[in-house]
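S.K.:
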Amino acid sequence: MKSGSNLERVILSGVPAVTAELGPPMSADGSEIIHKAHLLKGYCDAANITDCQTAVVRISSIAGAVLALREGLEPVMQMTCRDRNRIAMQADLLGAHALGIRNCLCIAGDHQKFSAAGRLKGHPGAKNVYDVDTIQLVGILKKMRDEGLQQGGDKLDVPPKFFIGASWTPGGEPLDFRPINLKKKVDAGADFIQTQGIFDVEVFKSQMQKARDLGLHERTAILGGIIVPRTAMMLKYMDSSVAGVSVPKSLIERMARARDAAGDDKKKAKALQEEEGIRIAVELIHQVLEIPGVKGVHIQAIEWESAIEKIVKAAGLYPRPVFD
Amino acid sequence: MIVGKQKPIEEIWHMVRDFKRVLVFGCNTCVAVCHAGGGKEAETIASLLKIRASQEGLDMEIDHSSVMRHCEPEYLTPVIDGLRRYDLVLSTACGVGVNFLSERIGNIPVYPGINTSFYGAVPEAGLFVELCAGCGNCILHLTGGICPIARCSKTLMNGPCGGTNRGKCEVSDDIDCAWYLIVERMKQLGTLDRLTEIQPPRDWSTARDGGPRRVSVEHIRAYEEAQTAKEGGKA
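Now the structure itself:
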């Protein structure tokens, strides 16, 4: 085994893997992470701890990962290329390993101008780092782990043994380059891949066909991304504004019908939409897991971690495997 | 060419208002093309400052002049003595010009009248776009002639991020996704397969990250030295 992480063990066992997501708060109090860790523990094999997602300052992913780990939830520490140069990245990787973290997902990160899509002030004037890009970061992790060398060539006394992840936007433009993009991530050393949220299963199927043609499904574990829809408005927004995500009209209409069924009762509208959203998520999980080469799902219930238990159970993915 | 943009007149006024004799000094090459800091713009700024001074009842002498380039002694040396009668030179050259003049003028401050923006091209009248970041290690042969360092908001080297939306960058709909353009261009050239090769972490030391840079062209320096020697150390 490369890292010995729980996620790696599940994937090796051949059981469809389940990862979830835990977003740290804009607060110096870690209790929210602990609370969310309890909601997720037992219902996923590992949970991504996001790294200042939406380019807003939050508890760091490394600290968040340690807090989750202490609660018995295995973390996937996310590391963006936005905020650190290669010196800081490698220092944090060594530190993360020393603290017991074994999974790392490499991502570019939302640009510092994003500021939660303009909903928060953020730090749009921050300096742009991007010393290395995602594929290069994956390569750095692999070189550290497999060769015991830093990017610059200096030796590491004890190399960090990470299970290395990367993201993939199968439905992103330019569509015909996305399988090549995936191949580069796998060539660089990505052991697992978590995709952007999939609503348009047909597009994902055809991109998976191309990934299989390149033999990538045998060299990396592809986990299909499932974003749990919560409202019709959210689905509409994701379709129009989130890069690489297209939502079929039929799904938006389903959620709208659920909302409208409540009439003027806002509370009921919320409840009905959430129920429908969970049903949609479960259906998507089944459809995605049927696609050859898909090794699991990455379920994102954004700021709605309590939904994960229901979804994982309804999808027949509970209980999760346990290893000694 | 170097593209710049005139500073807001309010900001300039706050820089200059405490000086008695001010020269607004234009540069007639790059920044004249983008109507930021040529002789004409220097004249306009001087007029605005004069109006402002009279409005505030300040007794100031505000003149304007310009040279072809601030950044070469050939143009600067003949006029530099004339600049020394002022208390302040407000240069509307790019930052290179301001630095270069400041190092040579002696005991007089040189302030910037424009913000130097980038090196760019002029795709249409009045529009200037950044196409090169001057990173010191050109890779345009690998990317279909489109620079991901200047034109990708994340300076990605191996392909687009997940933020490409309808060919635009996640930072703004006004910014084309450089990697979208690169992929389309490589398809047109029939060289898309070249993008499968992984570009390793870059050596940024050739860029500004390695500290201030210089280019020394030895044969020019040797020639100049020989000429100087021939002229008996005169020059």
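Sequence order for the protein chains is A and B.
The opening residue of the first sequence carries number -5 in our numbering; numbering runs sequentially from there.
The opening residue of the second sequence carries number 26 in our numbering; numbering runs sequentially from there.
Each residue gets a CB set at the ideal place from its N, CA and C atoms; glycine is no exception.
Taking a Cβ distance cut-off of 7 Å, strictly less, list which residues of the segment 141 to 164 of chain A are near chain B, in chain order.
M.R.: Within the segment 141 to 164 of chain A, the qualifying residues are Gln145, Ser161 and Thr163.
S.K.: Starting from Thr13 of chain A, follow the beta strand (DSSP E) in both directions and report where the run begins and ends.
M.R.: As a working mapping, residue 13 of chain A is identified with position 19 in the first sequence. Ala11 to Leu16 is the extent of the beta strand (DSSP E) around Thr13 of chain A.
S.K.: Find out if the Cβ-Cβ distance for the pair Glu86 of chain B, Arg46 of chain B is shorter than 7 Å.
M.R.: Your numbering for residue 86 of chain B matches position 61 in the second sequence. Your numbering for residue 46 of chain B matches position 21 in the second sequence. In this structure, Arg46 of chain B lies closer than 7 Å to Glu86 of chain B by Cβ.
S.K.: Consult DSSP for Cys186 of chain B and reduce its assignment to one of helix, strand or coil.
M.R.: In the second sequence, counting from the first residue as 1, residue 186 of chain B sits at position 161. Of the three classes helix, strand and coil, the one that applies to Cys186 of chain B here is coil, per DSSP.
S.K.: For Arg110 of chain B, which beta-bridge partners are listed by DSSP?
M.R.: Looking up residue 110 of chain B in the second sequence gives position 85. DSSP lists no partner for Arg110 of chain B.
S.K.: Inspect the CB distances between the segment 154 to 171 of chain B and the segment 32 to 47 of chain B and report whether three or more fall short of 8 Å.
M.R.: Because the criterion of three Cβ pairs below 8 Å is not met, the segment 154 to 171 of chain B and the segment 32 to 47 of chain B do not touch.
S.K.: At 7 Å on the CB atoms, spell out the chain A contacts of Asn190 of chain B, in chain order.
M.R.: Against the second sequence, residue 190 of chain B aligns to sequence position 165. Near Asn190 of chain B (Cβ distances below 7 Å), the residues of chain A are Ala237.
S.K.: Starting from the Cα of Asp318 of chain A, find the closest Cα among A:Lys(-4), A:Ser(-3), A:Met(-5) and A:Arg3 and give me that residue.
M.R.: Counted from its first residue, the first sequence places residue 318 of chain A at position 324. Closest by alpha carbon: A:Arg3.
S.K.: How about Thr180 of chain B: is its C-beta nearer than 7 Å to some C-beta of chain A?
M.R.: Taking the first residue of the second sequence as position 1, residue 180 of chain B is located at position 155. Answer yes: the Cβ-Cβ gap between Thr180 of chain B and chain A drops below 7 Å somewhere.
S.K.: Going by C-alpha distance, which of A:Ile272, A:Ile27 and A:Trp162 is nearest Ile53 of chain A?
M.R.: For the purposes of this step, residue 53 of chain A is taken as residue 59 along the first sequence, with counting starting at 1. For the residues A:Ile272, A:Ile27 and A:Trp162, the minimum Cα distance to Ile53 of chain A belongs to A:Ile27.
S.K.: Assuming Ala182 of chain A and Gly133 of chain A form a contact by the criterion Cβ under 8 Å, report the distance between their Cβ atoms to the nearest whole angstrom.
M.R.: In the first sequence, counting from the first residue as 1, residue 182 of chain A sits at position 188. In the first sequence, counting from the first residue as 1, residue 133 of chain A sits at position 139. Right, the Cβ-Cβ distance comes to about 4 Å (below 8 Å), so this counts as a contact.
S.K.: Just verifying my parser: in three-state terms, what is the DSSP assignment at Leu67 of chain A?
M.R.: The residue labelled residue 67 of chain A in the question sits at position 73 within the first sequence. Looking at Leu67 of chain A - three-state DSSP - the assignment turns out to be coil, as it is neither helix nor strand.
S.K.: Is Trp298 of chain A close to the ligand HEM? I mean its beta-carbon at under 6 Å from any heavy atom of the ligand.
M.R.: What this structure holds is no ligand at all, so the ligand HEM is not there to describe.
S.K.: Would you mind stating whether Lys30 of chain B and Ser178 of chain B have Cβ atoms separated by less than 7 Å?
M.R.: Along the second sequence, read from residue 1 onward, the residue named residue 30 of chain B stands at position 5. Along the second sequence, read from residue 1 onward, the residue named residue 178 of chain B stands at position 153. For Lys30 of chain B and Ser178 of chain B, no; Cβs fall outside 7 Å.
S.K.: So is Gly218 of chain A in contact with chain B if we call contact Cβ pairs under 7 Å?
M.R.: Position 224 of the first sequence holds residue 218 of chain A. No, Gly218 of chain A does not count as interfacial toward chain B.
S.K.: Based on Cα-Cα distance, which residue from A:Pro173, A:Glu277 and A:Arg139 lies nearest to Ala308 of chain A?
M.R.: Residue 308 of chain A sits at position 314 when you count from the first residue of the first sequence. The shortest C-alpha separation from Ala308 of chain A is found at A:Glu277.
S.K.: Is it buried or exposed, Gly271 of chain A, if we count other Cβ atoms within 10 angstroms and call 16 or more buried?
M.R.: Counting from 1 along the first sequence, the entry for residue 271 of chain A is found at position 277. Buried.
S.K.: Can you give the Cα-Cα distance for Val195 of chain A and Glu303 of chain A, rounded to whole angstroms?
M.R.: Looking up residue 195 of chain A in the first sequence gives position 201. Looking up residue 303 of chain A in the first sequence gives position 309. Going by the C-alpha atoms only, they are around 23 Å apart.
S.K.: By Cβ distance, which residues of its chain are closer than 8 Å to Ala111 of chain A, with the 5 residues on each side in sequence left out?
M.R.: In the first sequence, residue 111 of chain A corresponds to position 117, counting from 1. Cβ within range, chain order: Thr48 and Ser235.
S.K.: Can you tell me the Cα-Cα spacing of Gly184 of chain B and Cys202 of chain B, whole angstroms?
M.R.: Counted from its first residue, the second sequence places residue 184 of chain B at position 159. Counted from its first residue, the second sequence places residue 202 of chain B at position 177. So the alpha carbons of these two residues sit roughly 10 Å apart.
S.K.: Tell me whether Met249 of chain A is buried or exposed, calling it buried when 16 or more other Cβ atoms sit within 10 Å of its Cβ.
M.R.: Start at 1 with the first residue of the first sequence, and residue 249 of chain A comes out as number 255. Looking at its Cβ environment, which holds 16 or more other Cβ atoms inside 10 Å, Met249 of chain A is buried.
S.K.: Run through DSSP, which three-state label would Lys290 of chain A get?
M.R.: Position 296 of the first sequence, counted from the start, is the residue given in the question as residue 290 of chain A. The sequence as given places Gly at residue 290 of chain A; Lys does not occur at that position. Looking at Gly290 of chain A - three-state DSSP - the assignment turns out to be strand.
S.K.: Check for me: the beta strand (DSSP E) holding Phe50 of chain B runs from which residue to which?
M.R.: Along the second sequence, read from residue 1 onward, the residue named residue 50 of chain B stands at position 25. Note, Phe50 of chain B: beta strand (DSSP E), Arg46 to Cys52.
S.K.: Grab me the residues of Glu297 of chain A's own chain with a C-beta within less than 7 Å of its C-beta, minus the 5 sequence neighbours each way, in chain order.
M.R.: Translated into the one-based positions of the first sequence, residue 297 of chain A becomes position 303. Same-chain partners within the cutoff: Gly17.
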